[in-house]
């Protein structure tokens, strides 16, 4: 019995930590339709974000990629920005927490495929 209580307490504690982390990050909701994202450009403040992507009418799985842009060149993908899985029509998926600093980033879907859209992060 005592062991069961300890396990329950640990599970509640880990759930609370996960909830607190999500609470400190702002959720950005994006819809993908065939060949494009509905929102074409974002202007954000530096901070922590979770990207929630909905597949709205795309007849195959979609994903999400975010990458920094410096001197007009796209850098390596931010791995925390990937969705936890490719999502089917009617489904949603979320990234992990992504910390964005001042600068420019691109987001796109390599599976849909979509154009590369801009995120400007500034105070």
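Numbering (the working numbering), first residue to last: 408 to 530. Quick reminder that beta carbons are idealized off the backbone N, C-alpha and C, glycines included. Computed from a predicted model, the values in this text were never measured in an experiment.
Cross-strand partners of residue 475 (DSSP beta bridge): Within the chain shown, numbered from 1, the residue matching residue 475 stands at position 68. Beta-bridge pairing by DSSP links residue 475 to 512.
Who pairs with residue 524 in a beta bridge, going by DSSP? Residue numbering aside, residue 524 sits at position 117 when the chain shown is read from its first letter. Answer by DSSP bridge pairing, in chain order: 514.
Using the Cβ count rule (16 or more neighbours within 10 Å means buried), how would you classify residue 435? As a first step, residue 435 must be located in the chain shown, where it is residue number 28. Looking at its Cβ environment, which holds 16 or more other Cβ atoms inside 10 Å, residue 435 is buried.
For residue 482 versus residue 493, is the C-beta distance shorter than 8 Å? Here residue 482 refers to the residue found at position 75 when the chain shown is read from its first residue. Here residue 493 refers to the residue found at position 86 when the chain shown is read from its first residue. No. Outside cutoff.
Taking the C-alpha atoms as reference points, what is the distance between residue 501 and residue 522? On the chain shown, position 94 is the one that residue 501 refers to. On the chain shown, position 115 is the one that residue 522 refers to. For residue 501 and residue 522, the distance between alpha carbons rounds to 20 Å.
Which residues in the same chain have their Cβ closer than 6 Å to the Cβ of residue 484, if we skip the five residues on either side of it in sequence? What you label residue 484 is simply residue 77 of the chain shown in a count that begins at 1. Result list for residue 484: 472 and 474, in chain order.
Kindly give me the distance between the Cβ atoms of residue 469 and residue 518, rounded to whole angstroms, as I take these residues to be in contact under 8 Å. On the chain shown, position 62 is the one that residue 469 refers to. On the chain shown, position 111 is the one that residue 518 refers to. Cβ atoms of residue 469 and residue 518 come within 8 Å of each other, at about 5 Å.
Can you tell which of 507, 497, 488 and 499 has the C-alpha that lies nearest to the C-alpha of residue 455? Translated into the one-based positions of the chain shown, residue 455 becomes position 48. Of the candidates 507, 497, 488 and 499, the residue whose Cα lies closest to the Cα of residue 455 is 507.
Tell me which residues share the same chain as residue 477 and place their Cβ nearer than 6 Å to its Cβ, disregarding the 5 neighbours each side in the sequence. Along the chain shown, one-based indexing puts residue 477 at 70. Closer than 6 Å at Cβ, skipping near neighbours: no residue.
Among the residues of its own chain, which have a CB less than 8 Å from the CB of residue 524, if the five just before and after it don't count? Here the question's residue 524 lines up with position 117 in the chain shown. 444, 446, 447, 448, 449, 513, 514 and 515.
Based on the DSSP secondary-structure assignment, which residues constitute the bridge partners of residue 494? If you number the chain shown from 1, residue 494 lands on position 87. Answer is 469.
So, using beta-carbon positions, are residue 462 and residue 498 closer together than 8 Å? Taking the first residue of the chain shown as position 1, residue 462 is located at position 55. Taking the first residue of the chain shown as position 1, residue 498 is located at position 91. Yes, the pair counts as a contact, with Cβ atoms nearer than the cut-off.
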